[in-house]
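Chemist:
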Ligand code: ZN
């Protein structure tokens, strides 16, 4: 078991592209285990996905929480995306704000395709193609962005969206407050 330190912005490694994995050797298996352990240990906020670059390894490996398991995706690629956007599938109040363990305390809505078809390798080296939707589709897109050196806040700002930070309010507890961007 190895819980690694999660790098946070503006750490330059987070801006670099990850290299594809060739052979799934012992090193890659250890990396997958470290990602799982590190994600499980993250409490504030709780993680639903973690990519290798976030613990300083520039390899195309990411793990995602699915049901009660944490599943690795090696060399994940988006083969196609739905025309339908996430925003068309959600009620207004439930915009599924994204957060990131590398950008702690900040949330924002990224309008992404609602469904994506993804190819990847399993830990056993099997090639798989799968369609992910809803929360899982958001999650894999967010993680693939990490492998390309992109953070969700870049997308929020590019889309002209708003970023929020969590603040303690004496009456209401934790509230989200809009961040003023110059
Ligand atoms: Zn992230």
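Numbering (our numbering), first residue to last: 157 to 338. Where is the CB? At the ideal position from N, CA and C, for every residue including glycine. For clarity, every value in this text was computed on a predicted model and none was experimentally measured.
Does the Cβ of residue 219 have 16 or more other Cβ atoms within 10 Å, making it buried, or fewer, making it exposed?
Modeler: With 16 or more other Cβ atoms within 10 Å, it is buried.
Chemist: Which residues in the same chain have their Cβ closer than 8 Å to the Cβ of residue 279, if we skip the five residues on either side of it in sequence?
Modeler: 180, 185, 188, 228, 230, listed in sequence order.
Chemist: Tell me the residue span of the beta strand (DSSP E) that contains residue 334.
Modeler: Element bounds for residue 334: 329-334.
Chemist: Can you tell me whether residue 199 sits near the ligand ZN, meaning its C-beta is under 8 Å from at least one heavy atom of the ligand?
Modeler: No, the Cβ of residue 199 stays beyond 8 Å of every heavy atom of the ligand ZN.
Chemist: What distance in whole Å lies between the Cβ atoms of residue 169 and residue 212, which are believed to be in contact at a cut-off of 8 Å?
Modeler: 6 Å between Cβ atoms; contact.
Chemist: Between the alpha carbons of residue 283 and residue 234, how many angstroms are there, rounded?
Modeler: For residue 283 and residue 234, the distance between alpha carbons rounds to 14 Å.
Chemist: Measuring only from the beta carbon, is residue 235 closer than 8 Å to any heavy atom that is part of the ligand ZN?
Modeler: No, the Cβ of residue 235 stays beyond 8 Å of every heavy atom of the ligand ZN.
Chemist: Could you check if residue 190 is buried or exposed, using at least 16 other CB atoms within 10 Å of its CB as the buried criterion?
Modeler: When all chains shown are included, residue 190 counts as buried.
Chemist: Using 8 Å for Cβ pairs, my map puts residue 257 next to residue 335. What's the rounded Cβ distance?
Modeler: So it is not a contact: roughly 18 Å between Cβ atoms.
Chemist: The ligand ZN and residue 297: does any heavy atom of the ligand fall closer than 8 Å to the residue's C-beta?
Modeler: Result no, Cβ not under 8 Å from the ligand ZN.
Chemist: Got a sec, what are the start and stop residues for the alpha helix (DSSP H) residue 255 sits in?
Modeler: First-last for residue 255: 254-256, but that is the beta strand (DSSP E), not the alpha helix (DSSP H).
Chemist: Could you check what DSSP says for residue 308 in three-state terms: helix, strand or coil?
Modeler: Reduced to three states, the DSSP call for residue 308 is helix.
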